[in-house]
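Okay, so the sequence shown: first residue is 7 according to this note's numbering, each after it adds one. Here a beta-carbon is modelled for each residue, glycine too, at the ideal position from N, C-alpha and C. Below is one structure; the comments refer to it alone.
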Amino acid sequence: MHNKTIKELSALLHSKQVSATELARHYLGRIDASGHNAFLHVDHELTLAQAAAADARFAQGTAGPLTGVPIAHKDIFVTRGWRTTAGSKMLDGYVSPFDATVVDRFNAAGMVTLGKVNLDEFAMGSANENSAYGAVKNPWDAAAVPGGSSGGSAAAIAARLAPAATATDTGGSIRQPAAFCGVTGIKPTYGRVSRFGMIAFASSLDQGGPIAQTAEDCALLLNEMIGFDERDSTSLTVEQGNVREDYTRDLNKPLAGLRIGVPSEYFGEGLASDVEGAVRAALEQFVKLGAVLVDISLPKTALSIPTYYIIAPAEASSNLSRFDGVRYGHRAAEYKDLQDMYRKTRAEGFGSEVKRRIMVGTYVLCHGYYDAYYVQAQKIRRLIADDFQAAFADKCDVIMGPVAPTVAWDLGSKTNDPVANYLADIFTLSTSLAGLPGMSIPCGFGDGKEGSEANGKRPVGLQIIGNYFAEAKLLNIAHQYQQATDWHKRTPEGV
Ligand code: GLN
7 MHNKTIKELS
17 ALLHSKQVSA
27 TELARHYLGR
37 IDASGHNAFL
47 HVDHELTLAQ
57 AAAADARFAQ
67 GTAGPLTGVP
77 IAHKDIFVTR
87 GWRTTAGSKM
97 LDGYVSPFDA
107 TVVDRFNAAG
117 MVTLGKVNLD
127 EFAMGSANEN
137 SAYGAVKNPW
147 DAAAVPGGSS
157 GGSAAAIAAR
167 LAPAATATDT
177 GGSIRQPAAF
187 CGVTGIKPTY
197 GRVSRFGMIA
207 FASSLDQGGP
217 IAQTAEDCAL
227 LLNEMIGFDE
237 RDSTSLTVEQ
247 GNVREDYTRD
257 LNKPLAGLRI
267 GVPSEYFGEG
277 LASDVEGAVR
287 AALEQFVKLG
297 AVLVDISLPK
307 TALSIPTYYI
317 IAPAEASSNL
327 SRFDGVRYGH
337 RAAEYKDLQD
347 MYRKTRAEGF
357 GSEVKRRIMV
367 GTYVLCHGYY
377 DAYYVQAQKI
387 RRLIADDFQA
397 AFADKCDVIM
407 GPVAPTVAWD
417 LGSKTNDPVA
427 NYLADIFTLS
437 TSLAGLPGMS
447 IPCGFGDGKE
457 GSEANGKRPV
467 GLQIIGNYFA
477 EAKLLNIAHQ
487 YQQATDWHKR
497 TPEGV
């Protein structure tokens, strides 16, 4: 049952071969028996109540394509009922009085929430090791990180603890964990998916999206996820092109003549040989499907790391000021006065990576450094976006390359080296800075050893980057690849 896609589960539900309640019980049983630390908050009663409501819709004939399909929500989307912690001690025990728009939409579609999944604290990280609730184990290899920050979402799909998961991507947090866990994820164009009720990290970059087994499933999920929301001031409007579309419509288009840009900067020094081997083989597969490969250059790629690690902390330092012990979550038990309460609450509530970013962000925004760092970073951000536009203007339709320079690394191997974590984001940050849609699909395996060509048990992800609003095209390309290959069907041993 749990190896079925959303599409297949939906067919079983509609033909009454399984009920939403049976499905929910099946997944809850798997979650309870799993040892990946992917789920942070599970509540059988709440889940089964939603499943019963879904079954009622089937009985009444009002079920839609996602009704009764279980979903796990990244614990950064606020949910009524289930706790929301954003992976932080700061929000330990917090229960939101309202649902995030994304959660609201999936609820309205009749999806059944299985619980909330683990993440790096406030989505800051690339390995899920910054969670205050412990790291997630990669289902493919318990010694490996699952990627981050949406490590729980990706691991839940890989271990088949859920057929669908929400995730967020600020600098790679949908694409990189999807790659490390051998599953499929898409980060839509910035502004497509509402950020209302998605706890803010870096507001000009944060974007929600789905993780699932296949591109087709991601299309089904995006159909519900995307759309204007007046409660999010950066939500793209219908006039700006944010119309709800049927993302399954182009899945079967042939790829003949598709021009794939292959950036030289994505295949240079630092790219592990096992990852390169798998990605190049995927590119060859696209040639077989009728696409042509075009050499392109994205010269500002290397600047995306310093640029992102100025802009994202700057925004985070401002966003996280709301966690002051007054309105939400944790408050220090003893304090002398208001200042002391703020200081102790924040010292106790935030983990070290979050504190580091608040300090960096405060520094780059302070008078005297603002122009040298923050304003400069904003200018480079524009140049990075211009790189992509130059490529899309006349050279290629989409861009492909690796999601990350290596396969998942060993748990604990980079924990005390923040810069090593930052460097691993090299291929995903620029897409986020430009606000473009990006996707990750499984394309092979590596072992993480130097000079090794392939094989091993750690998944490799292929990144597909499109121009603004090109989600349907990305899904079409990914779906065609998944029709021709079976990487997305592989499961970790014992699953
Ligand atoms: N790894 C990046 C960071 O640590 C991106 C995280 C994300 O996309 N949320 O900020």
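- The beta carbon of Glu354 lies closer than 8 Å to those of Lys95, His336 and Ala338 in the same chain, with the five residues before and after it left out.
- Between the ligand GLN and Phe207, a heavy atom-to-CB distance of less than 7 Å is present.
- Thr190: member of the beta strand (DSSP E) spanning Thr190 to Lys193, first to last residue.
- Of the candidates Gly452, Thr412, Asp431 and Tyr315, the residue whose Cα lies closest to the Cα of Gln384 is Tyr315.
- Secondary structure note for Cys187: it is in no beta strand (DSSP E), with a DSSP letter that is neither H nor E.
- In the structure shown, Asp416 falls within a strand segment according to DSSP collapsed to helix, strand and coil.
- Of the residues assessed, Ala476 falls on the buried side of the cut-off, its CB having 16 or more other CB atoms within 10 angstroms.
- Lys385: member of the alpha helix (DSSP H) spanning Gln382 to Asp400, first to last residue.
- For the beta strand (DSSP E) assignment, the uninterrupted runs of no fewer than 3 residues enclosed by the segment 186-261 are, from N- to C-terminal side, 190-193 and 213-218.
- Shortest gap from the CB of Ala297 to any heavy atom of the ligand GLN: 7 Å or more.
- About 6 Å separates the Cβ atoms of Ser156 and Ile180, confirming a contact at the 8 Å cut-off.
- The Cβ-Cβ distance between His494 and Leu257 does not fall below 8 Å.
- DSSP places Arg464 in the strand class (E or B) of the three-state scheme.
- If you compare the alpha carbons of Ser40, Ser210 and Leu435 with that of Glu321, the shortest gap goes to Ser210.
- Met406 has Ile470 as its beta-bridge partners, per DSSP.
- Contact between Arg255 and Ala17 fails: their C-beta atoms lie close to 19 Å from each other, not under 8 Å.
- By the neighbour-count criterion, in which a residue is buried when 16 or more other Cβ atoms sit within 10 angstroms of its Cβ, His373 is exposed.
- Note on geometry: alpha-carbon atoms of Tyr380 and Gly158 lie some 32 Å from one another.
- Between Pro145 and Val501, the gap from beta carbon to beta carbon is short of 8 Å.
- Residue side-chain check: Asp423 keeps its Cβ at 7 Å or more from all non-hydrogen atoms of the ligand GLN.
- With 16 or more other Cβ atoms from the protein chains shown falling within 10 Å of its own Cβ, Gly407 counts as buried.
- The Cβ atoms of Leu442 and Asn482 do not sit closer than 8 Å to each other.
- For Thr421, same chain residues with a beta-carbon under 6 Å away, outside a window of 5 residues either side, are Glu135 in chain order.
- CA-CA distance, Thr27 to Leu261, rounds to 40 Å.
- Counting only residues of its own chain and dropping the five nearest sequence neighbours on each side, Asp212 has a CB closer than 7 Å to the CB of Thr174, Thr176, Arg201, Met204 and Ala206.
- Taking 8 Å as the cut-off, the Cβ atoms of Ser436 and Gly191 do not count as close.
- Between Val404 and Ile471, the CB-CB gap stays under 8 Å.
- Taking all protein chains in view, the Cβ of Phe104 is surrounded by fewer than 16 other Cβ atoms within 10 Å, so the residue is classified as exposed.
- For Arg265, DSSP records a beta bridge to Val298.
- Residue burial annotation: Asp223 is buried, with at least 16 other C-beta atoms found within 10 angstroms of its C-beta.
- When the five nearest sequence neighbours on each side are left out, the beta carbons in the same chain lying within less than 8 Å of the beta carbon of Pro305 are those of Glu271 and Asp393, in order along the chain.
- Within the segment 40-128, the runs of beta strand (DSSP E) at least 3 residues long that lie entirely inside it are, in chain order, 45-47, 76-80 and 118-123.
- Of all alpha-carbon atoms in Ile163, Pro169, His32 and Ser419, the one lying nearest the alpha-carbon of Ala185 is that of Ile163.
- Looking at Gln382, Ala160, Leu54 and Arg363, the one whose alpha-carbon comes closest to that of Lys143 is Ala160.
- Within the same chain, and ignoring the five residues on either side of Thr243 in sequence, the residues whose Cβ sits closer than 7 Å to its Cβ are Phe234.
- With respect to the 8 Å criterion, Lys463 and Asp147 are classified as neighbours on the basis of their beta carbons.
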